[in-house]
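Q:
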Amino acid sequence: MNTPPKATQDAVSMLRKPGTKAQPSHQAPIASPKPEKPVYSPFSSRITAENQLCLEQLAYWSREAKVDILNDALEAYFTSRPDSHQAIPVKKR
Numbered sequence: 006m007n008t009p010p011k012a013t014q015d016a017v018s019m020l021r022k023p024g025t026k027a028q029p030s031h032q033a034p035i036a037s038p039k040p041e042k043p044v045y046s047p048f049s050s051r052i053t054a055e056n057q058l059c060l061e062q063l064a065y066w067s068r069e070a071k072v073d074i075l076n077d078a079l080e081a082y083f084t085s086r087p088d089s090h091q092a093i094p095v096k097k098r
């Protein structure tokens with residue numbers, strides 16, 4: 006009989022996060038769905054020297070990638086501009 010002693014079972018249950026259930030040893034753990042990776046498009050633009058310096062300093066001290074900082078800033082700006090979500094009309098020939 007390979008049943009662990011009750012004290013061991015209690016110790017293991019204390020290590021689990023609250024609200025989670027034990028997985029039987031013959032069952033693979035349930036994987037949480039992975040968030041989709043964003044699709045990046047190449048983009049080039051000019052910014053002021055002051056903005057570039059601020060971006061480099063922020064990237065250095067926050068240990069974030071410049072692309073992530075810029076995307077976060079653009080998303081915040083777009084939420085304040087409803088016209089950014091309005092589709093561009095198709096040209097008629």
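To get the working numbering, take the position in the sequence shown, counting from 1, and add 5. Note that beta-carbon positions come from the ideal geometry of N, C-alpha and C, so glycine has one too.
Cβ of Ile74 within 8 Å of Cβ of Leu63?
A: For Ile74 and Leu63, yes; Cβs fall inside 8 Å.
Q: Roughly how many whole angstroms lie between the Cα atoms of Pro100 and Asp88?
A: In the structure displayed, the chain extends from 6 to 98; residue 100 sits before or after that span and is not available.
Q: Are the Cβ atoms of Lys71 and Leu60 separated by less than 8 Å?
A: Yes; because the gap between Cβ atoms is below 8 Å, this pair is in contact.
Q: Give me the residue from Pro40, Tyr65, Phe83 with the minimum Cα distance to Gln91.
A: Phe83
Q: Can you grab the Cα-Cα spacing for the pair Lys97 / Ser67, in whole Å?
A: 47 Å
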